[in-house]
């Protein structure tokens with residue numbers, strides 16, 4: 023891919039920083055009782071969504087699992103409306119009805135977070151089919167976790183995508199644990215990208231802690247899907263620094279392992295790289311921090327000020343309205 027300009031590199035850093043600080047604020051709001059239900063944080067995995075979605079056009083589709091706050095932000099959804107949705111308020115992306123696991127933004131072609139493991143994979147495949155059927159050159163990115171590759175719909179979807187030459191890129195965010203179960207305890211094939219071989223589609227692994235590596239890898243796959251209608255499976259090898267959800271005590275992995283993986287923090291690594299390359303200075307980093315924190319504080323104020331959904335809304339948005 024083409025070498026990135028300074029502004030593009032800084033934009034990638036800003037996006038990753040926004041994800042990190044947004045998720046940290048979500049954890050704080052959860053502890054204060056302002057966010058209820060399940061809350062799955064994306065901390066540690068920011069390089070995947072940032073790098074992958076950065077190569078898309080606005081009209082391309084993105085669909086994800088329940089750990090999808092970062093994907094929605096990367097696709098351009100308003101942080102204020104995301105936070106309001108997490109608060110269960112009327113001004114949220116889904117009017118407060120979706121919550122953390124079901125963000126959805128039609129205006130950004132973000133097809134939502136999905137709570138059923140692998141449930142988004144056939145839906146994303148359907149979006150790619152729709153693009154092909156309508157003669158459009160849109161591409162769909164479908165994100166899912168490592169546990170999803172053992173679900174039946176994963177195989178059914180990849181089979182049809184390869185058979186029908188659909189413009190889709192499947193991105194497995196392998197953070198090494200499906201809830202509390204390590205990958206090696208769940209599958210005999212440790213290199214998950216090799217699942218692509220069964221369907222005759224390209225499969226590749228990428229360092230999911232390196233935003234530029236992810237961008238390069240996904241960029242090539244997106245162009246292949248757009249121009250040649252060839253789907254791909256990418257395994258982004260990453261790591262989540264927090265538990266599976268806020269309710270997870272994380273007893274299945276050692277503190278030493280987590281601390282060791284934090285040495286590869288994608289945000290810190292990329293910031294240090296840009297400083298070493300003289301792309302940014304310490305003052306630039308501080309300015310970015312100030313800008314992002316202001317954005318997030320505004321999101322919290324917006325969410326706090328948003329009203330609770332009226333009870334009558336229980337009966338709306340149940341069926342699609344006529345066009």
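Numbering (this note's numbering), first residue to last: 23 to 345. Glycine included, every Cβ here is placed at the ideal spot set by N, Cα and C.
Residue state for residue 281 is assigned as helix, using DSSP reduced to three classes. When secondary structure is reduced to three states using DSSP, residue 317 falls in the helix class. In the structure shown, residue 305 falls within a helical segment according to DSSP collapsed to helix, strand and coil.
In the three-state DSSP reduction, residue 75 falls in the helix class (H, G or I). By the criterion of at least three beta-carbon pairs nearer than 8 angstroms, the region 325-334 is in contact with the region 112-119.
In the three-state reduction of the DSSP assignment, residue 194 falls in the strand class.
When DSSP reads this structure, residue 52 sits in no beta bridge, so it has no partner.
As summarised for the region 112-176, the continuous beta strand (DSSP E) elements at least 3 residues long and confined to that stretch are 132-136 and 162-167, given in chain order. The C-alpha of residue 121 is placed about 22 angstroms away from the C-alpha of residue 66.
Residue 50 and residue 106 have their C-alpha atoms roughly 15 angstroms apart.
By the CB criterion at 9 angstroms, residue 208 and residue 179 fall outside the cutoff. Just measuring C-alpha positions, the residue of 265, 267, 127 and 70 sitting nearest residue 82 is 127. Distance from the CA atom of residue 164 to the CA atom of residue 48, rounded to whole angstroms, is 24 angstroms. Taking the Cα positions, residue 35 is about 7 angstroms away from residue 293.
Bridge partners of residue 203 according to DSSP: 200.
When secondary structure is reduced to three states using DSSP, residue 342 falls in the coil class, being assigned neither helix nor strand.
With a minimum length of 3 residues, the unbroken runs of beta strand (DSSP E) contained wholly in the region 211-258 fall at 225-229. The residues 147, 190 and 253, in chain order, have a CB closer than 6 angstroms to that of residue 183 in the same chain once the five nearest residues on each side in sequence are set aside. Under the three-state reduction of DSSP, residue 295 is assigned to helix. In the same chain as residue 240, and ignoring 5 residues on each side of it, the C-beta atoms closer than 6 angstroms to its own belong to 74 and 77, in chain order. Buried is the label assigned to residue 225, since at least 16 other Cβ atoms lie within 10 Å of its Cβ. Closest option to residue 325, judged by alpha-carbon separation, among 118, 25 and 222: 118. The beta carbons of residue 64 and residue 91 sit about 6 angstroms from each other, so the pair counts as a contact at 8 angstroms. Between the region 226-238 and the region 254-266, the count of C-beta pairs closer than 8 angstroms reaches three or more; the two stretches touch. The beta carbon of residue 104 lies closer than 8 angstroms to those of 44, 91, 94, 95, 114, 115, 125 and 321 in the same chain, with the five residues before and after it left out. Counting other Cβ atoms within 10 Å of its Cβ, residue 42 reaches 16 or more and is therefore classed as buried.
By the neighbour-count criterion, in which 16 or more other beta carbons inside 10 Å mark a residue as buried, residue 287 falls on the buried side.
Cβ atoms of residue 26 and residue 314 stay farther apart than 8 angstroms, at about 20 angstroms. Per DSSP, residue 94 lies in no beta strand (DSSP E); the unbroken alpha helix (DSSP H) holding it starts and ends at 91-96. Of the residues 291, 297 and 187, the one whose Cα lies closest to the Cα of residue 246 is 187. Residue 85 carries a strand assignment under DSSP once its states are collapsed to helix, strand and coil.
The DSSP-derived three-state label of residue 179 is helix.
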